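Numbering of the sequence shown is given in our numbering, commencing with residue 1 and proceeding in unit increments.
C-beta: ideal position from N, C-alpha, C; glycine also.
Since we're looking at a predicted model, the values are computed, not measured.
In what follows, a single structure is set out as structure tokens and then discussed.
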Amino acid sequence: MSKILVLNGPNLNLLGTREPAIYGSTTLADVQALCEATGQALGLAVDFRQSNHEGVLVDWIHEAGVAHRAGTLLGIVFNAGAYTHTSLALHDAVKGAGVPMVEVHISNVHAREAVRHHSYLSPAAAGIVVGFGIDGYALAMHGLARRQGA
Ligand code: DQA
Numbered sequence: 001m002s003k004i005l006v007l008n009g010p011n012l013n014l015l016g017t018r019e020p021a022i023y024g025s026t027t028l029a030d031v032q033a034l035c036e037a038t039g040q041a042l043g044l045a046v047d048f049r050q051s052n053h054e055g056v057l058v059d060w061i062h063e064a065g066v067a068h069r070a071g072t073l074l075g076i077v078f079n080a081g082a083y084t085h086t087s088l089a090l091h092d093a094v095k096g097a098g099v100p101m102v103e104v105h106i107s108n109v110h111a112r113e114a115v116r117h118h119s120y121l122s123p124a125a126a127g128i129v130v131g132f133g134i135d136g137y138a139l140a141m142h143g144l145a146r147r148q149g150a
């Protein structure tokens, strides 16, 4: 169980220039660096990915389930972006893959538009980290590691 998969959904590749008043000015490369430093501190490897395509995210979650069962992957830290609020397919992928997943949002989605208050992923999540900016990724990694006894 030496690895954490950090998955990012649509539009997160635009971090740094995308609505900085909401998401800050750090880039996705900065998030990756933070996750890698956190992984090092935890003694865990980090596989960091981003896709704008729902089916690609589904495929990666299925792969993660296989790796989790094989004992090589602790779980997933997942910021699904707007798919959080729309995707039953991602919910089903996490449940079907049987892989522990911690849901992350940079912004406090509950303080934003009503459409962002519902998450298809939350019922499938081991835990949720919301509203701590990009630090939420590091907090989620720590939570996942503690939960899985790593
Ligand atoms: C987000 C919140 C979502 O509502 C939004 O669609 C995103 C980013 C966040 O990290 O705050 O793309 O997941």
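Taking only heavy atoms of the ligand ZN into account, decide whether any of them is closer than 7 Å to the Cβ of H142.
What this structure holds is the ligand DQA, not the ligand ZN.
Within 10 angstroms of the Cβ of A138, are there 16 or more other Cβ atoms? Answer buried if so, exposed if not.
By one-based count along the sequence shown, residue 138 stands at place 138. It counts as buried.
So, is L44 buried or exposed, given that buried needs 16 or more other C-beta atoms within 10 angstroms?
Sequence index remark: in the sequence shown, residue 44 carries index 44 (1-based). So L44 ends up on the buried side.
Please check the pair Y120 and L144, which I expect to be a contact at CB under 8 Å, by giving their CB distance rounded to whole angstroms.
Indexing the sequence shown from 1 puts residue 120 at position 120. Indexing the sequence shown from 1 puts residue 144 at position 144. Contact doesn't hold; Cβ gap of about 20 Å is too wide.
Going by CA-CA distance only, name the one from Q40, D30, S122 and I22 that's closest to A80.
Walking along the sequence shown from the start, residue 80 turns up at place 80. From the listed residues Q40, D30, S122 and I22, the smallest Cα separation to A80 is found for S122.
Where do the ends of the alpha helix (DSSP H) carrying R146 lie?
Taking the sequence shown and counting its residues from 1, one reaches residue 146 at position 146. D135 to R147 is the span of the alpha helix (DSSP H), which, as asked, contains R146.
How many Å lie between H117 and V104 at the Cα?
As a position in the sequence shown, residue 117 is number 117, starting the count at 1. As a position in the sequence shown, residue 104 is number 104, starting the count at 1. If you take the alpha carbons of H117 and V104, they lie about 13 Å apart.
So what does A45 bridge to, in DSSP terms?
Here residue 45 refers to the residue found at position 45 of the sequence shown. DSSP, once it has assigned bridges, lists K3 as partnering A45.
Which residues share a DSSP beta bridge with H105?
Locating residue 105 in the sequence shown gives position 105, where the first residue counts as 1. Under the DSSP definition of a beta bridge, H105 partners with V130.
C-beta atoms of L156 and A64 nearer than 8 Å:
Because the chain in this structure spans residues 1 to 150, residue 156 falls outside the shown range and cannot be described.
Compare the C-alpha of R112 against each of T26, L5, N11 and V130 and name the closest.
Here residue 112 refers to the residue found at position 112 when the sequence shown is read from its first residue. Nearest C-alpha to R112 among T26, L5, N11 and V130: V130.
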